[in-house]
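Following: one structure in structure tokens, then a few remarks.
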Amino acid sequence: MASKLEWSLIRHEKQNPIGEHIAITAQGITFSSAFIKGNQLMNKEAVGIYQEKSDGMKLGFKFFDKKKDSTYKLIRCSTSSNAGTRQANIKSLINKR
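When we follow our numbering, the leftmost residue of the sequence shown carries the number 2, and every step to the right adds one.
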């Protein structure tokens, strides 16, 4: 009698997650295309980063139409105007923490 085969999907370990997400790395912070589009942030040019006073590990983000003091410039990750992924170079902030 033949045994029933069981299949499982092989996941690529470095595959980018699908959907809205924020990635913080040693180089900076990346906001996924789904996050940018889902929150109507396509035309925002800067992000302010806030910490919760009682727990400095909790971060909040406020997006701005134009760069101002204490904000970080949002950089398009592609030359395509339709690409939604944005990055902010917050290396100095990460190094302080």
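Cβ atoms here follow ideal geometry from the backbone N, Cα and C, with glycine treated the same way.
Check whether I37 and T86 have beta carbons under 8 Å apart: Position 36 of the sequence shown, counted from the start, is the residue given in the question as residue 37. Position 85 of the sequence shown, counted from the start, is the residue given in the question as residue 86. Yes, the Cβ-Cβ distance between I37 and T86 is below 8 Å.
Proximity below 8 Å, CB of F65 to CB of L42: Counted from its first residue, the sequence shown places residue 65 at position 64. Counted from its first residue, the sequence shown places residue 42 at position 41. Their beta carbons are not under 8 Å apart, which means F65 does not touch L42 by this criterion.
Continuous alpha helix (DSSP H) stretch holding I37: start and end: Translated into the one-based positions of the sequence shown, residue 37 becomes position 36. Here the alpha helix (DSSP H) through I37 covers 34-39.
Beta-carbon separation (whole angstroms), E46 vs A35, contact threshold 8 Å: Numbered from 1 along the sequence shown, position 45 holds the residue referred to as residue 46. Numbered from 1 along the sequence shown, position 34 holds the residue referred to as residue 35. The pair is not a contact, with the Cβ atoms about 20 Å apart (cut-off 8 Å).
With 16 other Cβ atoms within 10 Å as the buried cut-off, status of T26: Within the sequence shown, numbered from 1, the residue matching residue 26 stands at position 25. Answer is exposed; the Cβ neighbour count stays below 16.
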